[in-house]
Amino acid sequence: MIASKELIKRESEAIMQTYTRQNVAFLRGIGAHLWDLEGNEYLDFVAGIAVNNVGHCHPHVVEAIKKQAEILIHTSNLYYTENQVLLAEELEQITGTKKAFFCNSGAESVEAALKLSRLATGKSEVVAATGCFHGRTLGALGITYKPVYREPFRPLNEAIYIPYNDSEALKNAVTKETCAVILEPIQGEAGVYVADPDFLRAARQICDETGALLILDEVQTGFGRTGKWFGKDHSNVKPDIITLAKAIAGGLPMGAMLASENVSEIFQRGDHASTFGGGALVSAAALASIEVIKKEGLVKRSEEMGAYMRSELTKLGPKDIRGLGLMVGLDLEADCSFVVQKAREHGVLLNNTGDYTIRLVPPLIVTKEQIDRVVKVIGETSAEA
Ligand SMILES: Cc1ncc(COP(=O)(O)O)c(C=O)c1O
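-12 is the number of the first residue of the sequence shown in my numbering; add one for each residue after it.
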């Protein structure tokens, strides 16, 4: 096996340097733990960026993948497969939507949502919120807030941005040219900012009045992450479209765009497609992962452990703490890149979304003892910083 040091060197020669990676290479994972190539153990409070909700290599998901891989991996969408239909039905049931389109990532689910919105309304303007993140493909990039991400790739179809949680600004921005309003129920990449339920309700009303569609981007907030099945469930707002990815398939790449009844028949044959979307293997993993979330009561657990984690982190006296369930943003006076690096040296994986903000998105199976350890390490490393 290649040693970490050599692997990291070869990576920089073989792979385009688009990522700022932590100085560690992983070999295996179980539950909330990862082990690097040298056998060191880490407690993982990043969870593949809110992907590993059921933990690393959950036995039920692994078993489902193994079983499916032995009989059929891929056939394309020229044919029918059972898992894809079962998964669509399951997603519709847990989200209250009507029909699904499957793809392979969050950005792709946003692209599908944009295309559907254009077809449904015959318009093309999008209203989004400052701080939002919807992905890096050209369509999704145009409606992603950070100007430095967009600037080098202009011209793009860019959104009109209004301050998050500002209903009045939203009302003023949505016109008869607007095809969709897209919002995250909690802004993850921005540093975990929670939507005011009244803001989401106002968005619903503004869309109803103007004929624009309401897209809720639940790529990061889905599958129990926020202490409810989906972020929208904190406000009971019914979007026209939901975008999903990240935790959907227990760690395998998958995305889904779900449409409510009013727009469920808009896409017709040929309007959109994906070779891999909703394949037999990834759909089996998604069904197994959803089963685990249900059987192990992980939505409730996320609510309870999230409340515990926030109350313990509050004792550190942070500048600010935000979030719902196990999606938590912590603002510190300390340099958070330093905290992340030091914590890793103490065997704890963290992620900072900004110079002074840590985002904590551990697997939903996390225990109080694991939370205690991470809080202690954050306390010690931030004091050092
Ligand atoms: C809310 C949201 N939408 C879309 C995306 C893009 O997802 P992907 O990286 O799978 O394309 C992300 C990724 O972080 C996200 O958080």
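Heads up, the beta-carbon is just placed ideally off N, CA and C, and yes, glycines get one too.
For clarity, every value in this text was computed on a predicted model and none was experimentally measured.
- Between the stretch 224 to 231 and the stretch 192 to 204 there are three or more inter-stretch CB-CB distances shorter than 8 angstroms, so the stretches are counted as touching.
- Here DSSP, grouped into helix, strand and coil, assigns Asp342 to coil.
- If you check the CB distance, Gly238 and Asn39 come in under 7 angstroms.
- Three or more beta-carbon pairs drawn from the stretch 118 to 133 and the stretch 85 to 103 are found closer than 8 angstroms, and the two stretches are therefore classed as touching.
- If you compare the alpha carbons of Thr262, Glu371 and Glu164 with that of Ser92, the shortest gap goes to Thr262.
- The straight-line gap separating the alpha-carbon atoms of Tyr67 and Thr368 is approximately 53 angstroms.
- With a cutoff of 6 angstroms, Ser276 does not count as near ligand 1, since its C-beta is closer than that to no heavy atom of the ligand.
- Per DSSP, the unbroken alpha helix (DSSP H) holding Phe186 starts and ends at Pro184 to Thr197.
- By the Cβ rule, the stretch 324 to 343 does not count as touching the stretch 247 to 264, because fewer than three pairs are nearer than 8 angstroms.
- Excluding sequence positions up to five before and after Glu79, its CB lies within less than 8 angstroms of the CB of Lys85, Lys86, Ala87 and Leu245, all in the same chain and listed in chain order.
- Per the coordinates, the alpha-carbon of Arg15 lies some 23 angstroms from the alpha-carbon of Glu283.
- Burial state of Gly310 is buried, judged by a 10 Å Cβ sphere holding 16 or more other Cβ atoms.
- A direct Cα-Cα distance of roughly 36 angstroms separates Gly126 from Ile58.
- Our two residues, Ala232 and Gln207, have alpha carbons roughly 7 angstroms apart in a direct line.
- Nearest neighbour of Asn338 by Cα position, chosen from Gln4, Ile(-5), Ser(-9) and Arg8, turns out to be Arg8.
- In this structure, Ala273 has its CB at a distance of at least 6 angstroms from all heavy atoms of ligand 1.
- Within the stretch 80 to 129, the complete alpha helix (DSSP H) segments at least 4 residues long are 93 to 108 and 125 to 129, listed from N- to C-terminus.
- When beta bridges are read from the DSSP output, Met244 appears opposite Phe88 and Thr230.
- Contact between Tyr132 and Gly118 is confirmed by a C-beta separation of about 5 angstroms, below the 8 angstroms threshold.
- Beta-bridge pairing by DSSP links Gly16 to Leu21.
- Around the beta-carbon of Asn152, 16 or more other beta-carbon atoms lie within 10 Å, marking it buried.
- Relative to ligand 1, the beta carbon of Phe88 is positioned no closer than 6 angstroms to any heavy atom.
- Under DSSP, Gln4 takes part in no beta bridge, so it has no partner.
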